[in-house]
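Structure record follows, encoded as structure tokens.
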Amino acid sequence: MINIQSLTFSYRKNKPLFENLQLRLEAGHIYGLLGKNGAGKSTLLKQMAGLLFPDSGTCEVMGYPSAKRQPAFLREIFLVPEEFYLPKVSVKRYVGTYAPFYPNFDEGAFYKYLKEFEIPKDQQLTEMSYGQKKKVLISFALATNTKVLIMDEPTNGLDIPSKSQFRKVIAAAVSEEKCIVISTHQVRDLDNLIDSIVIIDGHKIIFREDVQTVTDKLSFKTVSRIEESTDILFADSNLRGHTIITRNAGNEQSKIDMELLFNAILTNHKPIQEIFN
Amino acid sequence: MQFYLQKHITDHYRFYSMSMLAIFGIMTVLGVLMILLARDPFNRLSDLVPFYFIGLFFGGMLFTSRSFNELGSKEKGVDFIMLPASQFEKFVTLFLVSTIGFLAFYNLSCYVSFKIIQSVQLAALDRKIEMNYDFFDNPKEKVYFYYVYVVLQAAFLLGATYYHKYSFIKTILSVFVFAFLVWCVNAFLVTCIFGFQHEFWKRSVPFFMVNKLEGGPISWHTTVYLIPEWLRHFYDFALKFLIAPILWTIAYFRLKDQEI
Chain A
1 MINIQSLTFS YRKNKPLFEN LQLRLEAGHI YGLLGKNGAG KSTLLKQMAG LLFPDSGTCE
61 VMGYPSAKRQ PAFLREIFLV PEEFYLPKVS VKRYVGTYAP FYPNFDEGAF YKYLKEFEIP
121 KDQQLTEMSY GQKKKVLISF ALATNTKVLI MDEPTNGLDI PSKSQFRKVI AAAVSEEKCI
181 VISTHQVRDL DNLIDSIVII DGHKIIFRED VQTVTDKLSF KTVSRIEEST DILFADSNLR
241 GHTIITRNAG NEQSKIDMEL LFNAILTNHK PIQEIFN
Chain B
1 MQFYLQKHIT DHYRFYSMSM LAIFGIMTVL GVLMILLARD PFNRLSDLVP FYFIGLFFGG
61 MLFTSRSFNE LGSKEKGVDF IMLPASQFEK FVTLFLVSTI GFLAFYNLSC YVSFKIIQSV
121 QLAALDRKIE MNYDFFDNPK EKVYFYYVYV VLQAAFLLGA TYYHKYSFIK TILSVFVFAF
181 LVWCVNAFLV TCIFGFQHEF WKRSVPFFMV NKLEGGPISW HTTVYLIPEW LRHFYDFALK
241 FLIAPILWTI AYFRLKDQEI
């Protein structure tokens, strides 16, 4: 669905953000794109959306070169940026103006999502808070039924109940034909939602695995004494004790701790990568 | 096409309505005030024509330079680019709004404003405005104002694709810089051809004519060197039919290449 080959891109000369980047994302998954500040998460999403052009290499979405921004491509992709624009109109007017551009737009679903987020239908968009506006945009994005949905920090600005509503709404919207890519700093917000992890660091994709494979090969535990555990790949101490990652030798099923995994990969990349190779 | 135009109007109708009201209001109120306060009637329509052209050029260029304002803000730029319409459709919409849309509104507004001014003058001072500006019967040179307008409009539309903030000012500066460069190239070429001694480079209309001042100390005469007639015809053709479409085409490709 999204096929990036040998992508090189830089904002400034001699300071490449991506060098020979390869990434292939398939339909039917919710990908979490994780990376440090400035790693290039938003830039990669913009490349997928056709807002930025590769210096070299290709970025194709559903077979369309994203940089060409053909209407057929734009009709099947929706980007929810971190900072977004909504015109000074009511929700109804917004739908009336924007929805005709998306052939698969489902108005009923849109209002259902709004209800889920507890957003009044008749309010002016400009009178809403940032979080409310974001919920309108997320609802609209889901209702467009585009094959590719890209979200940049979607939970920023959402209150605690809204984050769980968000997870619920996204989980309900995913289908075999859709590919959802979510970039976030707040990995805990999306722990139960993401089914594939992509970690970007040092101009490259350094990790790309689905959650099932991760939990098959790694074990996530909380222990009170770190000395009791062997084969620790990464450990982090907190008030409850120590959260650790070990090789999953006994085929135990544990719940993935995305934040721990992210930190582990950034600090101890090689041994973890060897497990997956 | 209909969808993007509809979307564009929805997003900008407040700005357009305010601008239309402001233009119409300023024209009408100023005219009426001049009649009522200064008791200075407009005797002929030609007295009003300069104001019409000043408004046309200033308003038209200002309006056109705002065409791609969205690209000056990341949020609006993403909304503009990601909307599922072809870049051509978006360009044509903005082109139509800033050319036909503005011209239609401005001329209609001027007509209504003139009718009001005429009625007020007749009622307050009992004097008619003589209709001496027969554009439709004799458009010969007058129509060149519109050719120049279209070329400048195209330049400002192109400027709007380069400068997303303060586009109006920056485009004016760019036009002046471009004109200065043309003048410099002309001065250099004229000096190469005619020499430096009589300051030919000063006495020329760039790429059109050179005045050669000769004689003295008592009497002087000027020899005028004009470009050949075929070249004059080509300039005329370029002004009417070439420059603006070329600038519009570049503006379209610039828009296609915008990144956010």
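First to last, the protein sequences are chains A and B. Going by the UniProt record's numbering, the first sequence opens with residue 1, and the numbers climb by one from there. Going by the UniProt record's numbering, the second sequence opens with residue 1, and the numbers climb by one from there. Quick reminder that beta carbons are idealized off the backbone N, C-alpha and C, glycines included.
I want to check one thing, is the minimum distance from the CB of P228/B to the heavy atoms of the ligand SAM below 7 Å? This structure lacks the ligand SAM, and indeed carries no ligand of any kind.
Validate contact between the region 47-55 of chain A and the region 229-237 of chain A using beta carbons, cut 8 Å, 3 pairs: no
For the region 74-100 of chain A, enumerate the residues whose C-beta is nearer than 9 Å to any C-beta of chain B, in chain order. L74, R75, E76, I77, F78, L79, P81, E83, F84, Y85, L86, P87, K88, V89, R93, Y94, G96, T97, Y98 and P100
Might you give, ordered along the chain, the residues of its own chain that have their beta carbon closer than 8 Å to the beta carbon of residue 268/B, omitting 5 neighbours on each side? Because chain B is modelled from 1 through 260, residue 268/B falls outside the range shown and cannot be assessed.
Flag L149/A as yes if its beta-carbon sits less than 8 Å from any beta-carbon of chain B, otherwise no. Within the first sequence, the letter at position 149 stands for residue 149/A. No, its Cβ sits nowhere closer than 8 Å to a Cβ of chain B.
C-alpha distance - F80/B paired with L71/B, whole-angstrom precision: The sequence position of residue 80/B within the second sequence is 80, counting from 1. The sequence position of residue 71/B within the second sequence is 71, counting from 1. Distance between the alpha carbons of F80/B and L71/B is about 8 Å.
Does G159/B come out as helix, strand or coil in the three-state DSSP assignment? Reading the second sequence from its first residue, position 159 is the one you call residue 159/B. Here G159/B sits in helix by DSSP.
Go ahead and pull the three-state DSSP assignment for D106/A. Numbered from its first residue, the first sequence carries residue 106/A at position 106. Coil.
Compute the beta-carbon to beta-carbon distance between A141/A and L149/A, rounded to the nearest angstrom, for a pair I have assumed lies under 8 Å. Residue 141/A sits at position 141 when you count from the first residue of the first sequence. Residue 149/A sits at position 149 when you count from the first residue of the first sequence. Correct: roughly 6 Å between the Cβ atoms.
Spatially closest choice to S42/A from V214/A, Y102/A, H203/A and D257/A, by CA coordinates: Counting from one through the first sequence, the residue named residue 42/A turns up at place 42. Here the closest residue by C-alpha is H203/A.
In chain order, what residues of the region 13-25 of chain B put their CB closer than 8 Å to some CB of chain A? R14
Going along chain B, which residues have a C-beta under 7 Å from A49/A? Translated into positions along the first sequence, residue 49/A becomes position 49. Within chain B, the residues near A49/A are M82.
Looking at F262/A and E209/A, is the spacing between their C-beta atoms short of 8 Å? Position 209 of the first sequence, counted from the first residue, corresponds to residue 209/A. Position 262 of the first sequence, counted from the first residue, corresponds to residue 262/A. Contact: no.
Under 8 Å between C-beta atoms of I77/A and T184/A: To locate residue 77/A, count along the first sequence from 1; it is residue 77. To locate residue 184/A, count along the first sequence from 1; it is residue 184. Against a cut-off of 8 Å, the Cβ pair of T184/A and I77/A comes out as no contact.
For F53/A, go through chain C and note every residue whose CB falls closer than 9 Å to its CB, in chain order. Absent from the structure is chain C; the protein chains it does hold are A and B.
Between the Cα of P65/A and those of V174/A, S129/A and N3/A, spot the shortest distance and give me the residue it belongs to. As a first step, residue 65/A must be located in the first sequence, where it is residue number 65. When only C-alpha atoms are compared, the closest one is N3/A.
How many whole angstroms separate the CB atoms of I260/B and K7/B, which I take to be in contact at a CB cut-off of 8 Å? Translated into positions along the second sequence, residue 260/B becomes position 260. Translated into positions along the second sequence, residue 7/B becomes position 7. I260/B to K7/B, Cβ: 18 Å. No contact.
So H242/A is in the beta strand (DSSP E); what residue range does that whole segment cover? Start at 1 with the first residue of the first sequence, and residue 242/A comes out as number 242. Where H242/A is concerned, the enclosing beta strand (DSSP E) stretches over G241 to R247.
Can you check DSSP and say which residues form a bridge with H29/A? Indexing the first sequence from 1 puts residue 29/A at position 29. Partner(s): C179/A.
If you measure between the beta carbons of P54/A and F9/A, is that distance less than 8 Å? Against the first sequence, residue 54/A aligns to sequence position 54. Against the first sequence, residue 9/A aligns to sequence position 9. It is a contact, given that the beta carbons lie within the stated cut-off.
Less than 8 Å between CB atoms is the rule here; does P71/A satisfy it with respect to chain B? Within the first sequence, residue 71/A is the residue found at index 71, counting from 1. True, the Cβ-Cβ gap to chain B drops below 8 Å.
One question on the structure: do L83/B and L74/A come within less than 8 Å of each other, judged by their Cβ atoms? Mapped onto the second sequence, residue 83/B falls at position 83. Mapped onto the first sequence, residue 74/A falls at position 74. A contact, by the Cβ cut-off of 8 Å.
Contacts that F3/B makes with chain A (C-beta to C-beta distance below 9 Å): In the second sequence, residue 3/B corresponds to position 3, counting from 1. Those are T97, P100 and F101, listed as they occur along chain A.
Run of the alpha helix (DSSP H) containing V61/A, from where it starts to where it stops: Position 61 of the first sequence, counted from the start, is the residue given in the question as residue 61/A. Premise fails: V61/A lies in the beta strand (DSSP E), S56 to V61, not in any alpha helix (DSSP H).
Interface partners of K46/A on chain B, CB under 9 Å: Position 46 of the first sequence holds residue 46/A. Under the 9 Å cutoff, chain B gives V78, E259 and I260.
DSSP three-state label for F114/B, please. Taking the first residue of the second sequence as position 1, residue 114/B is located at position 114. Helix at F114/B.
Scan the region 86-107 of chain B for residues whose Cβ lies nearer than 7 Å to a Cβ of chain A and list them as they occur along the chain. S86 and Q87
Check each candidate in K134/A, I194/A, I205/A and Y130/A and name the one with the smallest Cα separation from H269/A. The residue labelled residue 269/A in the question sits at position 269 within the first sequence. Checked all of K134/A, I194/A, I205/A and Y130/A; the closest Cα to H269/A is I205/A.
What's the gap between the Cα of L21/B and the Cα of S109/B? The residue you call residue 21/B lines up with position 21 of the second sequence. The residue you call residue 109/B lines up with position 109 of the second sequence. Computed Cα separation, rounded: 9 Å.
Chain-ordered neighbours of T10/B on chain A, where CB pairs are closer than 8 Å: Taking the second sequence and counting its residues from 1, the one referred to as residue 10/B is at position 10. The answer, in chain order, is P87, V89, R93 and T97.
In three-state DSSP terms, what is E227/A? Counting from 1 along the first sequence, the entry for residue 227/A is found at position 227. In the structure shown, E227/A sits in a helix (DSSP, three-state: H, G or I).
For A238/B and K76/B, what's the separation of their Cα atoms in angstroms? Within the second sequence, the letter at position 238 stands for residue 238/B. Within the second sequence, the letter at position 76 stands for residue 76/B. Roughly 36 Å separates the two Cα atoms.
Taking only runs of the beta strand (DSSP E) that begin and end inside the region 73-124 of chain A, which ones reach a length of at least 3 residues, in chain order? 77-80
What would DSSP say about D47/B, mapped onto helix, strand or coil? Translated into the one-based positions of the second sequence, residue 47/B becomes position 47. In this structure, D47/B counts as helix in the three-state DSSP scheme.
Compute the beta-carbon to beta-carbon distance between F93/B and Y16/B, rounded to the nearest angstrom, for a pair I have assumed lies under 8 Å. One-based indexing of the second sequence puts residue 93/B at position 93. One-based indexing of the second sequence puts residue 16/B at position 16. Residue identity differs from the one stated: residue 93/B is Thr in this sequence, not Phe. Actually they do not touch by this definition, with Cβ atoms about 13 Å apart.
Please classify C59/A as buried or exposed, where buried requires at least 16 other C-beta atoms within 10 Å of its C-beta. Position 59 of the first sequence holds residue 59/A. C59/A is buried by the Cβ-count criterion.
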